[in-house]
Amino acid sequence: MDILIIGAGPAGCTASLFLSKMGIRHTVVEAAEFPRDKICGDGLDLKVIRVLRHLDPEITLDGEHFMPVHGTRFILKNGKTVDFQAAKSDQPLFHTAKRLHFDHFLFQKLDHRTADIHTNTLVENIMRDGDGWIVQASCSGRTVEFRPRLILAADGDHSVMLRYLGERKIDRRHYAATLRQYWKGVAGVPESPNLLEIYFPKGLPMSYFYIFPLPNGEANVGYGMTSEVLAKSGLKLRQVFENMLKNDPVLSDRFASATPLETPKGWGLPLASLRRKNFGDGYLLLGDAASLICPTSGEGIGTGMMSGFIAAQFAAHALQNRRFDAEQFKNYDREVYRRLNSEIRLYNSMIRLSPRVYDTVLNFLAPNPLFKMYFSKSVPGWLRTAYETPIKVDV
Numbered sequence: 172m173d174i175l176i177i178g179a180g181p182a183g184c185t186a187s188l189f190l191s192k193m194g195i196r197h198t199v200v201e202a203a204e205f206p207r208d209k210i211c212g213d214g215l216d217l218k219v220i221r222v223l224r225h226l227d228p229e230i231t232l233d234g235e236h237f238m239p240v241h242g243t244r245f246i247l248k249n250g251k252t253v254d255f256q257a258a259k260s261d262q263p264l265f266h267t268a269k270r271l272h273f274d275h276f277l278f279q280k281l282d283h284r285t286a287d288i289h290t291n292t293l294v295e296n297i298m299r300d301g302d303g304w305i306v307q308a309s310c311s312g313r314t315v316e317f318r319p320r321l322i323l324a325a326d327g328d329h330s331v332m333l334r335y336l337g338e339r340k341i342d343r344r345h346y347a348a349t350l351r352q353y354w355k356g357v358a359g360v361p362e363s364p365n366l367l368e369i370y371f372p373k374g375l376p377m378s379y380f381y382i383f384p385l386p387n388g389e390a391n392v393g394y395g396m397t398s399e400v401l402a403k404s405g406l407k408l409r410q411v412f413e414n415m416l417k418n419d420p421v422l423s424d425r426f427a428s429a430t431p432l433e434t435p436k437g438w439g440l441p442l443a444s445l446r447r448k449n450f451g452d453g454y455l456l457l458g459d460a461a462s463l464i465c466p467t468s469g470e471g472i473g474t475g476m477m478s479g480f481i482a483a484q485f486a487a488h489a490l491q492n493r494r495f496d497a498e499q500f501k502n503y504d505r506e507v508y509r510r511l512n513s514e515i516r517l518y519n520s521m522i523r524l525s526p527r528v529y530d531t532v533l534n535f536l537a538p539n540p541l542f543k544m545y546f547s548k549s550v551p552g553w554l555r556t557a558y559e560t561p562i563k564v565d566v
């Protein structure tokens, strides 16, 4: 076996789909059975569209589980709203879908002719073996073993490869704590024109509260804060979240008659500002395992899928050369981070100056007519890039 993908979330599935498109045989192992839930904001940006169109231009995100979204509504700390909305068309700026459905949508597209797929298979240990690997996993109470030359580790923030490397550590400056709770009947959803709503609450720097519309009158509601700021503040994220739902003057009326569909669920976001080294002899890190969540927006699905696309190109190049040493992958980080560099610089600048710069700048910029003009002029270019521009990867 040459290539093993650990994890069948968006990053792992994307890598598998593009390896299959190139006719490259490989193995995929996934701890869960699909469909399965994944705690997330459920927002799909234009990077998702761009990667899918490279796979197959006929793929569309429609049907009962997907909702087109045409822009963003910023809710300022004084309660005023500012909408950044593109003209409604068949090319929306975003989609939303529960990860339960989106991840299953991708998983069902895996090609069994070239991908040997093992679900309900938990990787527990990996060991270097010469110029290859021994990967031990459990499946239905029995131990299974794989011996790949190259591992594409797409198994999330708790990646077994990160544990092997001794890199499973949380740097609070480059990590965010977040909560998700599904609701039904939130006032203004979906009466608002299918916008992603983001609220920057007063006195809570480096944080945001969001309401993302979903089909069937539901909404993904959540709150996140940079872990370093949260730790220094002494606040408890769940208490802050629940207090806002009940008492925040901007939010409380909207939730007064709404129904929660679950208890709040927490998860962590490994931010791209950490800039991991995501390659080495016989391995590449993808998605959350590579800490590739955009630090300014919290978006990770599109960046994860982009890393899966890029990783497949590097894997194909290494396979062609019959070499899987680190030298073969030396440009991988450059290709991954070139699409995140501006967001990383902005985030690092804000948190170095003062955490309060974040909400101050956003509350100042959002209502500025020049910012809205910039958005309107940028939308056509963003759409062209997503729907028409090839992704170039220099291996």
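Using the working numbering, read the sequence shown as starting at 172 and increasing by one per residue. From the three backbone atoms N, C-alpha and C, an ideal C-beta is built for every residue, glycine too.
Contact check for Leu350 against Gly393 passes: the beta carbons are separated by less than 8 Å. With a 10 Å radius around the Cβ and a threshold of 16 neighbouring Cβ atoms, Thr434 comes out exposed. The DSSP-derived three-state label of His266 is strand. In terms of Cα proximity to Ala486, the closest of Phe500, Pro441, Ile220, Leu336 is Phe500. If you check the CB distance, Ile305 and Arg318 come in under 8 Å. Between Ala202 and Leu323, the C-beta gap is not smaller than 8 Å, which leaves the two residues out of contact. With contacts defined by Cβ atoms closer than 8 Å, Leu456 and Arg447 form a contacting pair.
For Thr252, the secondary structure class from DSSP, reduced to helix, strand or coil, is strand. A buried status is given to Phe189, since no fewer than 16 other beta-carbon atoms sit within 10 Å of its beta-carbon. Counting only runs of 4+ residues, the alpha helix (DSSP H) found wholly inside the segment 486-535 occupies 503-508, 512-524, in chain order. Within the same chain, Cβ atoms closer than 6 Å to the Cβ of Met298 are found at Ile305, the five residues on either side in sequence being excluded. For Gln307, the enclosing beta strand (DSSP E) has its first and last residue at 303-310. With the rule of 3 Cβ pairs closer than 8 Å, the segment 266-279 does not count as touching the segment 246-255. A straight-line Cα-Cα distance of about 21 Å links Arg516 and Ala348.
Between the C-alpha atoms of Pro206 and Leu277 there is a straight-line separation of about 10 Å. Counted as a single uninterrupted DSSP element, the alpha helix (DSSP H) harbouring Asp424 occupies residues 423-426.
Collapsing the DSSP output to three states places Leu350 in a strand.
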